[in-house]
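Beneath this line is the structure, given in structure tokens, with notes to follow.
Below, the structure written as structure tokens:
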């Protein structure tokens with residue numbers, strides 16, 4: 055079966071899942087996405103090469119079970135149960151790869167082709183992020199600080215793992231942890247949709263350029279993904295940080311996010327330089343124009 059068709063099916067099912075009001079159907083749609091992903095891994099021959107894919111499947115399944123049991127108790131039950139709420143958060147953090155359940159992200163992504171890295175880092179996160187968004191406002195006054203600190207620590211640990219990364223894929227795994235931390239913080243200040251849209255657009259361009267070995271374009275897109283000005287993700291991060299500051303949430307959190315972002319640029323620039331030195335001169339003008347227009351569109355969308 056065509057990978058392009060399966061990818062389109064995954065994206066369509068993610069969008070369809072956003073419209074489900076039934077909790078069971080919502081969780082089942084996440085599981086169906088997981089099965090499609092595992093089927094794609096089987097087609098790539100990854101199941102026989104790495105136990106990390108099996109680990110990913112097991113952990114994601116456990117996360118879904120926790121989300122279903124905890125979410126049913128939180129959303130469907132009239133009585134508030136702290137244990138079920140924590141079970142629910144555990145399932146969500148495990149599924150998204152947020153601190154302290156980020157341990158699986160780098161080992162799994164390190165063995166995946168770039169196309170699959172894109173799916174794990176974006177498409178498979180749409181429904182869990184939507185769940186996180188809805189739950190946050192449902193439990194706003196109870197776990198506001200929890201989500202903020204989990205987001206900030208995810209950014210910090212992602213930065214730390216990125217500095218130690220030895221391959222581009224490992225770096226992409228660390229970047230995924232950090233970006234998910236930014237998603238969590240963006241949820242608390244009401245900018246999740248905007249931040250995820252800019253990130254998704256940058257990641258699509260990066261993966262396409264890597265697949266077609268347009269390394270010059272890839273080097274610039276890595277800098278964009280790292281949030282280097284004047285690229286579009288810089289303005290998305292700036293918007294989140296500005297809202298954190300205006301909301302008076304906490305200076306420590308803001309400083310931690312800023313410091314982590316600055317240090318993260320070191321490994322983004324490192325791999326950007328490596329890609330630049332392997333640049334493909336073919337269609338340079340078209341690639342550069344594509345990059346320019348892409349980031350211009352991201353900036354204008356702000």
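Residue numbers (the numbering used here): 55 to 356. Glycine included, each C-beta is placed from N, C-alpha and C at the ideal position.
Segment contact, 8 Å Cβ cut-off, at least three pairs: the segment 262-274 with the segment 313-329: Enough Cβ pairs lie closer than 8 Å, so yes.
Which listed residue (137, 126, 180 and 138) has its alpha carbon closest to that of residue 73: Nearest neighbour of residue 73 by Cα position, chosen from 137, 126, 180 and 138, turns out to be 180.
Pick from 298, 229, 253 and 145 that is closest to residue 314, judged by C-alpha positions: Looking from the CA of residue 314, the closest CA among 298, 229, 253 and 145 belongs to 229.
Buried or exposed (CB count within 10 angstroms, at least 16 for buried), residue 218: In summary, residue 218 is exposed, with fewer than 16 beta-carbon neighbours lying within 10 Å of its beta-carbon over all protein chains present.
Residue 157 to residue 227 span [Cα, whole Å]: Note on geometry: alpha-carbon atoms of residue 157 and residue 227 lie some 10 Å from one another.
As assigned by DSSP and simplified to three states, the class of residue 206: Three-state result, residue 206: helix.
Whole alpha helix (DSSP H) elements within the segment 246-306, 4-residue minimum: Taking only runs of at least 4 residues, the alpha helix (DSSP H) segments lying wholly in the segment 246-306 are 246-265, 269-279 and 286-300.
Residue 317, DSSP secondary structure in three states: In the structure shown, residue 317 sits in a helix (DSSP, three-state: H, G or I).
Assigned exposure category for residue 97 - 16 Cβ within 10 Å defines buried: Exposed is the call here.
8 Å contact criterion, which residue 64 and residue 90 should meet: CB distance rounded: So it is a contact: roughly 5 Å between Cβ atoms.
Through-space distance from residue 145 to residue 119, alpha-carbon basis: Between residue 119 and residue 145, the C-alpha separation is close to 7 Å.
Nearest-angstrom beta carbon gap, residue 162 and residue 110 [assumed within contact, 8 Å]: Correct: roughly 5 Å between the Cβ atoms.
For residue 199 and residue 143, the rounded distance between their alpha carbons: Roughly 13 Å between the two C-alpha positions.
Own chain partners of residue 339 with C-beta closer than 6 Å, once the 5 adjacent residues on each side are dropped: Any reading at residue 339 must be qualified, since the residue scores a pLDDT of 46, below 50, and its modelled position is unreliable; the value itself is stated next. Closer than 6 Å at Cβ, skipping near neighbours: no residue.
Under 8 Å between C-beta atoms of residue 261 and residue 232: The answer is no: Cβ separation not under 8 Å.
Cβ-Cβ distance between residue 224 and residue 256 below 8 Å: Not closer than 8 Å, so no.
Beta-carbon contacts of residue 124 that lie in its chain and below 7 Å, excluding the five residues immediately before and after: Excluding residues up to 5 positions away in sequence, 138, 139, 141, 142 and 145 lie with their Cβ nearer than 7 Å to the Cβ of residue 124 in the same chain.
Beta-carbon spacing of residue 174, residue 122 below 8 Å: Going by C-beta atoms, residue 174 is not nearer than 8 Å to residue 122.
Buried/exposed call for residue 107, threshold 16 Cβ in 10 Å: Burial call: buried.
Enclosing alpha helix (DSSP H) for residue 240 [first to last residue]: Its alpha helix (DSSP H) spans residues 222-242.
Closer than 8 Å to chain B by CB, residue 244: Among the chains of the structure shown, chain B does not appear; only one protein chain is present.
Per-residue DSSP class, three states only, for residue 143: Reduced to three states, the DSSP call for residue 143 is helix.
Same chain only: Cβ atoms within 7 Å of residue 184, ignoring 5 sequence neighbours per side: Closer than 7 Å at Cβ, skipping near neighbours: 72.
Where the alpha helix (DSSP H) containing residue 161 begins and where it ends: In the DSSP assignment, residue 161 falls within the alpha helix (DSSP H) that extends over 159-163.
Beta-carbon contacts of residue 254 that lie in its chain and below 7 Å, excluding the five residues immediately before and after: If we look at residue 254 and ignore the five residues flanking it on each side, its Cβ neighbours are 176.
Neighbourhood of residue 287 by C-beta distance below 8 Å, restricted to the same chain and skipping five residues each side: Hits under 8 Å: 252, 253, 256, 278, 279, 280, 281 and 352.
Closest residue to residue 114 among 152, 135 and 136 (Cα-Cα distance): Measuring from the Cα of residue 114, the nearest candidate turns out to be 152.
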